[in-house]
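**Student:** Protein chains in written order, with the numbering used here: chain A, 1 to 360; chain B, 1 to 360. Positions of the beta carbon are idealized from the N, C-alpha and C atoms, including for glycine. These figures come from a predicted structure and were not determined experimentally. Okay, here's the structure, questions in a sec.
There are 2 protein chains.
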Amino acid sequence: MIRAARDAPDGTGPAARRGLLLRDVGESGVIEHLRRKYGGTARPGELAIGDDAAVVRIPGGRGVLSTDLLVEGTHFSSDYFLPEETGWRALSANLSDLAAMGAVPVCYLVALAAPPATPVAKVDAIFRGMAAAAAPSGIRLMGGDTCRGDRLTLCLTVVGAVGRGGPVSRRGARPGDLLYVTGSPGWSRLGLALLRGGRPSKASGWRREAMRAHLRPEARWREGKEAARCGAVAAMIDVSDGILTDLSHLLERDGLGAVLAEESFPVSRSFRTASAALGIDPLAAFLGGGEDYELLMAVRPGRRGGFLRAARAFPSGATAIGAVTKAPGIRVRRADGSWIEGAGLPSGFDHFPSREHPVR
Amino acid sequence: MIRAARDAPDGTGPAARRGLLLRDVGESGVIEHLRRKYGGTARPGELAIGDDAAVVRIPGGRGVLSTDLLVEGTHFSSDYFLPEETGWRALSANLSDLAAMGAVPVCYLVALAAPPATPVAKVDAIFRGMAAAAAPSGIRLMGGDTCRGDRLTLCLTVVGAVGRGGPVSRRGARPGDLLYVTGSPGWSRLGLALLRGGRPSKASGWRREAMRAHLRPEARWREGKEAARCGAVAAMIDVSDGILTDLSHLLERDGLGAVLAEESFPVSRSFRTASAALGIDPLAAFLGGGEDYELLMAVRPGRRGGFLRAARAFPSGATAIGAVTKAPGIRVRRADGSWIEGAGLPSGFDHFPSREHPVR
């Protein structure tokens, strides 16, 4: 756990502005700095950063828990991510896991490994980015750990409470359910392609939208909570690995399939312009691009009215893109009436690419 | 979150015995293997590994949360830790944080980064070690994450529930409180010294005890829970950073001090033999050695009887080693009647040693 020392080295508050390194302020110094600036406040019966463990109230008595490990060089690169963006993305990715369960965000813990020569300002910016992504949902930083490591590594754990009508798991879809997706998946993939070509110093139009989607994605915690509450959503998942990969996770254990219709996809003119400029098939970006953190929902057709009323409150909106089928497998009807399926579909990303199951 | 694929590559069950590497089985293969062998079972209203997040019941509605990041080369070394021991130690260290709050262990999450050329057998052994350390307390593996990284990195998060009479924080000690410690702190430090000289192939006597303390420390979750329940323990901490460092954490925010008496320390003849053989001052090993995961408790003198009755059920036992004083600072009365204090005391370990506050 983060342990805050009372006697932090003098001046750790403005350490970030003084060009100090982690080894200059020591472990207790950096923890005290982070606790003061970003630490959450304990409510009655709770304990915040500073003890062996945090104590946090979880309304309803069921915790929703997710953890994610991010390694510099594998999950993010300082080449085109600012430290604040790294923090933002990390928190959003975890918040998205809570959103996908329809959970109410409660608190997060951050374990950090860093080389002793890491600037305090860099660590501060990562935590600032997390705090900025956390603020709208009210999720609080309640604990963590810092240690030495030769690569900057972040492990985030988020805790939520089961919201009204929740949890909504990946299972429960039935043939005939309508598939809705929030926002406009695929922009993050376009943003990645853009950034790989070198980060633009100024961006407007589609470049700006693509960069924002990749660098500052927004978790759909409001949408997830409302989706659970309205009672119409039978199964839900976030599309962090891309629509097709995550849709297959939604269907596979129930042995179901889906039909998607390209003409219904929320793919804007701007999205097509961006895809063309970046030399990417817009359908592949939409269906196969990951790290969007949009939500994919299976909605009971008989409760569509209730869902649409709830969806009016979704900041991201929601679009019907297809339906669940009894026949396994995913088929996509293209705008020209042709069908793609199986090996013809774009695919996701595997952290340990298997020789038996090559992916990308 | 750990996401289990239904169609895991064929034969991942015995993968560990076939000399396979992570890249041979892929991310979904290794997750499915770990979930099947070590994954916890969901109770009614819960969700285990396989969704966006786990859902876990937390009796009483207050979660006790702690997270720890361990990097190979910094926190553990394959030179003298077997992978199973690495897992055991990691789980025990986290369980100890719950113990120090008097919490009831509920579940744990494991995020793992590893090079694709890591043997599946090594990862399996780490999880086997965690499962073995977890078993007596009933704490269940309910989620996690796996990813690529060029160094083996583990991030454990443990979740507990506030037990009867809990939580017991680090604050609350008062002058006159008696200081009790469980077990025999210092053995882990001796074990470290022994192992640094090369791991003995066979060990007996003090060598065996020292090695076990360092390689397979036991978290005092039973003791912590009973300590909270008896109502006599005003403040508690685990001595993972050594008695002196952690005692100072227990006292510092209340501006208190302590007097310890060497003659009362649970330092056995065998401990002295080991210290002499390893060229370590036994007092320094006892007071300054870390990674023991024993508990240090401040017991109200008026409730000593109730505490001693509760302590009869402690598998580790408990020993009074001193008392809390109004005057700040820690003073140790040596067996010869002399006193040591301040800079004369052994010290702990700082992950980012500060230039201003050099530690070791």
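Run down chain C in chain order and give the residues with a C-beta less than 7 Å from the C-beta of Ser92(B).
**Tutor:** This model lacks chain C altogether; the protein chains it does include are A and B.
**Student:** Taking Val120(B) and Ile58(B) to be in contact with their CB atoms under 8 Å, please state how far apart those CB atoms are, rounded to whole angstroms.
**Tutor:** Within the second sequence, residue 120(B) is the residue found at index 120, counting from 1. Within the second sequence, residue 58(B) is the residue found at index 58, counting from 1. About 33 Å separates the two Cβ atoms, so there is no contact after all.
**Student:** Taking 8 Å as the threshold, find out whether the segment 244–258 of chain A comes into contact with the segment 204–221 of chain A through three or more Cβ pairs.
**Tutor:** Judged by Cβ distances under 8 Å, the segment 244–258 of chain A makes no contact with the segment 204–221 of chain A, as fewer than three pairs qualify.
**Student:** At the 8 Å Cβ level, is Asp350(B) part of the contact set with chain A, yes or no?
**Tutor:** In the second sequence, residue 350(B) corresponds to position 350, counting from 1. Here the model assigns Asp350(B) a pLDDT of 45, short of 50, so the residue's position is not dependable and the matter cannot be decided.
**Student:** So, using beta-carbon positions, are Glu223(B) and Ser316(B) closer together than 8 Å?
**Tutor:** Working through the second sequence from its first residue, we reach residue 223(B) at position 223. Working through the second sequence from its first residue, we reach residue 316(B) at position 316. It is a contact, given that the beta carbons lie within the stated cut-off.
**Student:** Report the three-state DSSP secondary structure of Ser66(B) (helix, strand or coil).
**Tutor:** Your numbering for residue 66(B) matches position 66 in the second sequence. Ser66(B): strand per DSSP, three-state reduction.
**Student:** Out of Cys155(B), Pro116(B) and Arg43(B), state which residue places its alpha-carbon closest to the alpha-carbon of Arg89(B).
**Tutor:** For the purposes of this step, residue 89(B) is taken as the residue at position 89 of the second sequence. Measuring from the Cα of Arg89(B), the nearest candidate turns out to be Cys155(B).
**Student:** Is the beta carbon of Ala227(B) sitting closer than 8 Å to the one on Ala310(B)?
**Tutor:** Start at 1 with the first residue of the second sequence, and residue 227(B) comes out as number 227. Start at 1 with the first residue of the second sequence, and residue 310(B) comes out as number 310. For Ala227(B) and Ala310(B), yes; Cβs fall inside 8 Å.
**Student:** At a Cβ threshold of 8 Å, is Ser268(A) touching chain B?
**Tutor:** Counting from 1 along the first sequence, the entry for residue 268(A) is found at position 268. Not one chain B Cβ lies under 8 Å of Ser268(A).
**Student:** Check this for me: beta carbons of Ala323(B) and Gly231(B), under 8 Å apart or not?
**Tutor:** Taking the second sequence and counting its residues from 1, one reaches residue 323(B) at position 323. Taking the second sequence and counting its residues from 1, one reaches residue 231(B) at position 231. Cβ atoms of Ala323(B) and Gly231(B): not closer than 8 Å.
**Student:** Measure the alpha-carbon distance for Asp336(B) versus Leu192(B) and round it to whole angstroms.
**Tutor:** Here residue 336(B) refers to the residue found at position 336 of the second sequence. Here residue 192(B) refers to the residue found at position 192 of the second sequence. Distance between the alpha carbons of Asp336(B) and Leu192(B): 28 Å.
**Student:** Is the separation between the beta-carbon of Gly160(A) and that of Val233(A) shorter than 8 Å?
**Tutor:** Stepping through the first sequence from its first residue, residue 160(A) is reached at position 160. Stepping through the first sequence from its first residue, residue 233(A) is reached at position 233. Contact flag unset, no.
**Student:** Going by Cα to Cα distance, which pick from Ala258(A), Gly102(A) and Pro185(A) is closest to Ser268(A)?
**Tutor:** Here the question's residue 268(A) lines up with position 268 in the first sequence. For Ser268(A), the nearest C-alpha among the options comes from Pro185(A).
**Student:** In terms of residue numbering, what span does the beta strand (DSSP E) encompassing Met142(B) cover?
**Tutor:** What you label residue 142(B) is simply residue 142 of the second sequence in a count that begins at 1. Run containing Met142(B): Arg140 to Arg148, per the beta strand (DSSP E) assignment.
**Student:** So what's Val181(A) in DSSP terms, helix, strand or just coil?
**Tutor:** Residue 181(A) sits at position 181 when you count from the first residue of the first sequence. Three-state DSSP puts Val181(A) in a strand.
**Student:** Whether or not the segment 196–209 of chain A and the segment 284–293 of chain A are in contact is what I'm after, with contact meaning three or more pairs of Cβ atoms, one per stretch, closer than 8 Å; do they touch?
**Tutor:** The segment 284–293 of chain A is not in contact with the segment 196–209 of chain A.
**Student:** For His75(A), which residues in chain B fall below 8 Å Cβ to Cβ?
**Tutor:** Along the first sequence, read from residue 1 onward, the residue named residue 75(A) stands at position 75. Within 8 Å Cβ-Cβ: Cys147.
**Student:** For Leu65(A) and Ala53(B), which I take to be in contact (beta-carbon distance under 8 Å), what is that distance rounded to the nearest angstrom?
**Tutor:** Numbered from 1 along the first sequence, position 65 holds the residue referred to as residue 65(A). Numbered from 1 along the second sequence, position 53 holds the residue referred to as residue 53(B). Yes, Leu65(A) and Ala53(B) are in contact; Cβ-Cβ is about 6 Å, under 8 Å.
**Student:** What do you get for Gly19(A), buried or exposed, if any count of 16 or more other CB atoms within 10 angstroms of its CB means buried?
**Tutor:** Within the first sequence, numbered from 1, the residue matching residue 19(A) stands at position 19. Classification of Gly19(A): exposed, given that the 10 Å Cβ count is below 16.
**Student:** When Cβ atoms are compared, which residues of the segment 169–183 of chain A fall closer than 9 Å to chain B?
**Tutor:** Answer set for the segment 169–183 of chain A: Ser169, Arg170 and Arg171.
**Student:** Of all the options Gly302(B), Leu141(B) and Val25(B), which has the alpha carbon lying nearest to the alpha carbon of Gly178(B)?
**Tutor:** Working through the second sequence from its first residue, we reach residue 178(B) at position 178. Residue 178(B) is actually Leu in this sequence, not Gly. Ranking Gly302(B), Leu141(B) and Val25(B) by Cα distance to Leu178(B) puts Gly302(B) first.
**Student:** Does the Cβ of Glu27(B) have 16 or more other Cβ atoms within 10 Å, making it buried, or fewer, making it exposed?
**Tutor:** As a first step, residue 27(B) must be located in the second sequence, where it is residue number 27. Counting Cβ neighbours within 10 Å, Glu27(B) comes out buried, since at least 16 surround it.
**Student:** Find out if the Cβ-Cβ distance for the pair Ser248(B), Ile330(B) is shorter than 8 Å.
**Tutor:** Position 248 of the second sequence, counted from the first residue, corresponds to residue 248(B). Position 330 of the second sequence, counted from the first residue, corresponds to residue 330(B). Yes. Within cutoff.
**Student:** To be precise: take each residue of the segment 42–69 of chain A, compare its Cβ to all Cβ atoms of chain B, and keep it if any distance is under 8 Å. Which residues remain?
**Tutor:** Here the close residues are Gly45, Glu46, Leu47, Gly50, Asp51, Asp52, Ala53, Ala54, Val55, Val56, Arg57, Ile58, Pro59, Gly60, Gly61, Arg62, Gly63, Val64, Leu65, Ser66, Thr67, Asp68 and Leu69.
**Student:** Start and end of the alpha helix (DSSP H) containing Leu251(B)?
**Tutor:** Here the question's residue 251(B) lines up with position 251 in the second sequence. That run of the alpha helix (DSSP H) goes Ile243 to Glu252.
**Student:** Measure from the C-beta of Asp238(B) to each C-beta in chain A and report whether the shortest distance is under 8 Å.
**Tutor:** Your numbering for residue 238(B) matches position 238 in the second sequence. So yes, Asp238(B) belongs to the interface.
**Student:** Is the number of C-beta pairs between the segment 259–268 of chain B and the segment 135–144 of chain B that are closer than 8 Å three or more?
**Tutor:** Short answer: they don't touch.
**Student:** Would DSSP call Val267(B) helix, strand or coil?
**Tutor:** Here residue 267(B) corresponds to residue number 267 of the second sequence, with the count starting at 1. Correct three-state label for Val267(B): coil.
**Student:** Start and end of the alpha helix (DSSP H) containing Tyr108(A)?
**Tutor:** Residue mapping note: residue 108(A) aligns to position 108 of the first sequence, counting from 1. No alpha helix (DSSP H) holds Tyr108(A); the beta strand (DSSP E) holding it covers Ala103 to Ala114.
**Student:** Which residues of chain B have a Cβ atom closer than 7 Å to the Cβ of Gly361(A), listed in chain order?
**Tutor:** Since the displayed chain A opens at 1 and closes at 360, residue 361(A) lies outside it and no answer follows.
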